[in-house]
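So for the first sequence, the numbering used here puts the first residue at 206; every next one is plus one.
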Amino acid sequence: MRMSKLYLPTLKETPAEAEITSHQLMLRAGMMRKLSPGIFSYLPLGYKVIKKIENIVREEMDKTSSQEVLLPVMQTADIWKESNRWQKFGPLMIKFKDRKDHEYCLGPTHEEVITSLIKDEVRSYKDLPLNLYQIQTKVRDEIRPRFGLMRGREFIMKDAYSMDVDYEGLDQSYQEMYDAYTKIFDRLGLETRVVQADTGAMGGKDSHEFMVIADSGEDDIAICDSCDYAANTELATALNKDVSSDQNHKQKEIIDTPNVTTIEGLEHFLDTDGSKMIKTMLMKADDELVVVLLRGDDKLNEVKLTNYLQATNLEAATEDEIVEVFGVRPGFIGPVDISDEYKLLADNRIKYMNNSICGANIVDKHFVNVNYGRDFEVDEFLDLRTVKPGDICPDCESGSLEIQPGIEVGHIFKLGTKYSESMGATYLDENGREQDIVMGSYGIGITRIVAAAVEQSNDDYGIIWPKAIAPYKVIILPLGKNDEVKETSEEIYNTLQDRGIEVLLDDRNERAGVKFNDADLIGIPLRITVGSRSLENNVLELKNRQTGQDYEISLDNYENEISDFLSKLK
RNA sequence: CGGGCUGUAGCGCAGUUUGGUAGCGCACUUGCUUUGGGAGCAAGGGGUCCUCGGUUCAAAUCCGAGCAGCCCGACCA
């Protein structure tokens with residue numbers, strides 16, 4: 206491609222709208238432009254990268270038993286009502302009506318469509334297993350789209366759906382996808398980490414996420430420093446040990462704590478730390494009020510609580526509701542002598558606490574030396590806390606957990622029979638009995654991968670593409686107006702093109718500095734500089750964008766030298 | 001949905017406190033010079049100052065309402 210013809214509006218200055226590196230660089234490198242928050246147009250360079258990623262994904266998917274299809278973006282409400290997700294997905298879906306007043310949504314995902322598609326045709330165990338995938342635009346009305354392509358309202362996703370006769374078959378399909386994903390991310394040049402994950406709104410059993418470790422990641426993952434354990438903190442657990450030294454239950458006392466309404470406040474006021482306190486919270490799960498107890502220095506894991514309660518929506522109770530339950534405003538609430546009409550759940554760690562501090566349900570008062578069993582009861586102990594750095598690994602029981610931010614680029618689920626059951630997707634087994642199809646679903650965020658790749662690989666000058674997804678492999682910079690420079694550049698350009706190498710020729714009438722800077726910004730892996738200086742010595746100058754190293758090669762045998770060079774690039 | 005910040009040329013911003021003909025840098029157009037890391041000089045083009053309403057002789061500036069964008073939060077009692 207000749208850059209004089211390429212629609213490549215690069216920017217010198219960073220647009221104010223972009224906060225994180227990948228977003229800034231993609232705008233500056235002329236890869237995309239925003240139409241509305243989370244909705245982007247992809248320009249030639251950006252779209253080229255997207256297509257590269259799609260092709261690698263497609264190639265690896267086609268090597269599995271999965272077949273490519275294309276499902277509708279516009280979906281009818283009835284299939285969502287069948288699966289009971291019309292309400293559950295709720296505001297995340299863009300819903301609208303047609304002229305006949307029929308309800309539709311723009312597909313945020315395609316479990317419903319795929320299930321309704323196959324349920325009429327798949328009648329026999331002989332039709333299974335079946336695995337279908339598509340690469341397509343998804344629409345989700347995210348609460349807060351942000352970070353450019355990281356969390357968009359419209360984005361491209363590869364989604365695959367497996368259908369098996371039983372769970373054994375599902376396990377195999379799942380493993381096949383797992384292996385394919387590993388290959389895909391490897392080929393994309395992305396460093397990913399596989400972690401155990403929550404199934405969220407998709408429902409189902411096992412689930413793994415493929416994470417790119419990056420500071421800008423929106424997820425936190427817990428990684429054991431001595432074994433393979435890695436999990437999204439949404440579900441990561443830690444080994445709880447009974448570490449309390451003080452087993453004697455002291456006399457409960459009430460103390461004055463004027464205006465001390467927070468854990469930190471109590472830490473200062475009593476010169477102690479949060480691990481000695483019981484934090485009492487009132488949560489509202491789909492209109493049911495639930496009292497939750499945690500150690501003072503722990504954080505509630507909402508996902509764990511939501512899953513346990515099988516709630517759709519979980520939020521903090523209002524101040525009025527707190528007064529209603531505890532008879533006192535927030536800041537002094539506690540589990541002692543409260544009404545048993547509300548469910549009281551406690552994190553497992555509460556079991557190991559002795560002589561704790563908690564609110565007294567009286568303004569400006571707290572209790573000290575409060576003990577479970579004697580001073581308060583709970584309905585159930587369960588794991589409700591979010592793991593913290595330094596926690597003990599639940600698998601090897603010796604390593605310690607680190608927390609790292611990650612970008613979720615792939616997610617695989619064992620759905621089981623959730624959708625087939627609700628939507629009646631069944632088959633007849635060998636005995637002529639009707640059975641539910643066992644499903645799995647497998648997603649890869651194509652556009653998010655672009656952002657993740659940039660996050661993972663860039664420097665002060667711009668993007669540094671891995672070879673596999675670079676929009677072009679080589680960029681030729683003719684410097685100056687010298688005819689020989691022009692002719693030589695054209696010749697190299699044509700030769701490389703003939704060899705099937707994707708190459709950019711910067712034939713723009715720009716100064717050297719502009720060309721160098723744009724080449725760096727758009728991140729082409731190999732740069733060839735052609736100038737009168739180098740031609741005098743009968744050489745070409747090469748620069749490896751990934752390592753920053755410069756090389757000189759002879760003009761006589763450049764085709765092979767460049768091919769060699771490219772084959773060594775990452 | 002709550003909080004904070006912002007809205008002035010394609011981009012980055014000043015001007016708003018104290019009302020008085022709308023500015024700077026980059027980009028763009030033309031000419032000359034220049035040409036190995038975002039050139040210099042000169043001449044130009046481009047604005048509903050987010051919108052609507054109000055105050056005033058006069059509003060980018062003051063007041064009111066709305067809209068949009070960005071960031072943080074949406075459990076830490």
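Beta carbons are placed, not taken as given, at the ideal position from N, Cα and C, and that holds for glycine.
According to DSSP, what are the bridge partners of residue i?
i, result
"Thr622", "The partner list for Thr622 (beta bridge, DSSP) is empty, contrary to what the question assumes."
"Asn749", "Leu731"
"Tyr366", "Leu337 and Ser646"
"Asp580", "Per DSSP, none; premise fails for Asp580."
"Ala427", "Ala436 and Ile608"
"Lys504", "Partner(s): none; Lys504 has no beta bridge."
"Arg238", "Ser246"
"Ala551", "Leu498 and Phe586"
"Ile668", "Asn663"
"His413", "Gln401 and Ile617"
"Thr342", "Ile361"
"Glu218", "According to DSSP, Glu218 bridges with nothing at all."
"Leu213", "Leu213 pairs with nothing; no bridge assigned."
"Glu273", "Tyr338"
"Ile562", "Met482"
Measuring only the C-alpha atoms, how far is residue i from residue j?
i, j, result
"Glu626", "Asn559", "47 Å"
"Thr320", "Tyr647", "14 Å"
"Pro540", "Phe581", "6 Å"
"Glu469", "Gly479", "8 Å"
"Leu211", "Pro610", "37 Å"
"Met628", "Leu375", "19 Å"
"Glu316", "Asp425", "27 Å"
"Ile389", "Arg290", "31 Å"
"Leu519", "Ser768", "57 Å"
"Glu766", "Asn743", "14 Å"
"Phe531", "Arg554", "23 Å"
"Asn512", "Ala441", "14 Å"
"Ser246", "Gln640", "45 Å"
"Ile680", "Ile729", "6 Å"
"Thr734", "Thr700", "16 Å"
"Tyr434", "Tyr577", "32 Å"
"Ile340", "Met298", "19 Å"
"Gln377", "Ile654", "26 Å"
"Phe360", "Glu273", "18 Å"
"Thr269", "Lys293", "33 Å"
"Phe572", "Lys489", "25 Å"
"Asp491", "Ser288", "19 Å"
"Ile697", "Leu731", "14 Å"
"Thr342", "Met362", "6 Å"
"Ala673", "Leu510", "42 Å"
"Ile284", "Glu529", "41 Å"
"Ile459", "Glu439", "36 Å"
"Gly685", "Arg750", "22 Å"
On a CA-only basis, which of the options is nearest residue i? Give me that one, please.
i, options, result
"Ser412", "Glu396, Asp433 and Asn437", "Asn437"
"Ser271", "Gln229, Tyr386 and Asp433", "Tyr386"
"Lys678", "Val659, Glu660, Leu709 and Glu507", "Leu709"
"Asn453", "Ser561, Lys484, Asn445 and Asp391", "Ser561"
"Asp725", "Gly753, Asp596 and Ser772", "Gly753"
"Ser367", "Thr226, Leu335 and Asn743", "Leu335"
"Pro296", "Gly357, Asp346 and Thr314", "Asp346"
"Asp569", "Met486, Cys598 and Arg534", "Arg534"
"Leu240", "Pro350, Asp433 and Glu695", "Pro350"
"Tyr379", "Gly736, Gly621 and Arg713", "Gly621"
"Gly357", "Ile244, Lys256 and Asn566", "Ile244"
"Tyr383", "Ala365, Trp670, Thr219 and Lys217", "Ala365"
"Cys598", "Leu471, Asn636 and Ala443", "Ala443"
Considering only heavy atoms of the ligand FMN, does any lie closer than 7 Å to the CB of residue i?
i, result
"Asp552", "The ligand FMN is not part of the structure shown, which contains no ligands of any sort."
Contact check, residue i vs residue j under 8 Å by CB: the rounded distance?
i, j, result
"Ile642", "Thr652", "No, Ile642 and Thr652 are not in contact; Cβ-Cβ is about 30 Å, not under 8 Å."
"Gly564", "Ile538", "4 Å"
"Asp711", "Met208", "5 Å"
"Leu250", "Met236", "5 Å"
"Leu587", "Leu550", "6 Å"
"Phe618", "Thr404", "6 Å"
"Gly353", "Ala656", "6 Å"
The segment 381-398 contacting the segment 591-607, beta-carbon criterion three pairs below 8 Å: no
Inter-stretch contact at 8 Å, needing at least 3 Cβ pairs: the segment 750-757 / the segment 699-711: no
The segment 307-315 contacting the segment 273-281, beta-carbon criterion three pairs below 8 Å: yes
The segment 452-464 in contact with the segment 497-515 per 3-pair CB rule at 8 Å: no
Stretch-stretch touch, CB-based, cutoff 8 Å, three pairs: the segment 251-261 with the segment 318-332: Contact between the segment 251-261 and the segment 318-332 is absent, because fewer than three Cβ pairs lie under 8 Å.
The segment 652-666 / the segment 417-431 touching (three or more Cβ pairs under 8 Å): They touch, by the three-pair rule.
Contact the segment 580-597 vs the segment 492-500: 3+ CB pairs below 8 Å: yes
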